[in-house]
Each structure stands twice: as C-alpha cells, then as structure tokens.
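**Q**
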Amino acid sequence: MSALVIAALGCAVTSAVACILVLVVVVHNRLLGRRTSCDNAWMEVAEQRRRRREILAGLSDVEPAWDGADTRPDAESCAALTVQRALLAANTRSLRSAEHVYNEMVRGLNADLDRFPGSVVGRVMGCRPGCVCETVDAETRQPTGVA
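Going by my numbering, the residue at position 141 of the sequence shown is 354; the numbering climbs one at a time, nothing skipped.
1) Is it true that the CB of aspartate 325 sits closer than 8 Å to the CB of arginine 247?
2) Please classify arginine 285: does DSSP put it in a helix, a strand, or coil?
3) For the alpha helix (DSSP H) that serine 332 lies in, which residues bound it at each end?
4) What do you get for cysteine 361, buried or exposed, if any count of 16 or more other CB atoms within 10 angstroms of its CB means buried?
5) Check the C-beta distance from asparagine 323 over to glycine 343 and give it rounded, since I have them as a contact under 8 Å.
6) State the CB to CB distance for the pair glycine 271 and glutamine 297, rounded to an integer number of angstroms; the pair is presumed to be in contact (CB under 8 Å).
7) Is serine 307 helix, strand or coil by DSSP?
Here it is in structure tokens:
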C-alpha cells in the first residue's frame, strides 16, 4: 500500500470518528435539554398542587358549618366562600394545563429514549424514561385517562 492510500484511509477513519462524536454530543445535549424541561414542568405541577392545597385549606376555613339549624351565613362569609371557589376553579384549570405540559415533555423525552441513537446515549448517561402524571377527576376520583 502506498503512503497516499494509508493517509486517505486514516483521514476517512478520523472523519468517521469525529462525526460519531459530534452525533453523540448532539444527542446527549438534546436528552439533557428534554430532561431539564421535564424537571421544570414538574416543578410547575408541584407549585400548582401546593397552591391547590392552600386554597382547599382556606375553603374549609370559610365554608359555613351547617349544624342542622336554620342559621344562614352572613354576607361576608358568602363572599369569602365565592372567592375561594373561584380561586379553586382557576387553580384547577392551571393545574390541568401544567400537567398537560409535563406529560407532553415526558412523552418527548420517552420518544427520544426509544429511538436510536437516543436509546444508546440515554442508557450511557443514565437517563430513564419519565412517567406521565394521571389527572384525577374531582367528582369521581378516578383517572381521566390524560396519561
């Protein structure tokens, strides 16, 4: 073999290795970005759930205690109850929206981890598929199938 053929072969191998390394770095950065997006979306879900607990605690504080008597709550109690219920309805919409965003982020991450080369790079970097969160219907207390 001539020196020219050996040099050309060495250049081709070097180029192939460089391309593979670039591909691995790009896939790694994409998976890392997806995982970070999932974490951020989950923090929003957690925040909405925290707000919901606060609203429910406030709702139980202002909800009139019906002891069987014909007493009616005063206007101030009715107004506070109406405000708390409105806050709860708004929070429910925000929570469902945050859960939807989180589920979409997780589905994107899982799709990348299911396909080559993301499956290989993800396994090497220890990235596991995420779980979608189930939305529970307030009336039936059953999952709505949002997952």
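By construction, the Cβ of each residue, glycine as well, lies at the ideal position given by its N, Cα and C atoms.
Fair warning: this is a prediction, and the values are worked out from it, not measured in the lab.
**A** The relevant details are as follows:
1) At the C-beta level, arginine 247 and aspartate 325 come within 8 Å of one another.
2) Three-state result, arginine 285: coil.
3) Serine 332 -> alpha helix (DSSP H) spans 331-338.
4) Since the first and last residues shown for the chain are 214 and 360, residue 361 lies out of range.
5) Sure, about 6 Å apart at Cβ, within 8 Å.
6) Contact holds; Cβ gap of about 5 Å.
7) If DSSP states are grouped into helix, strand and coil, serine 307 belongs with the helices.
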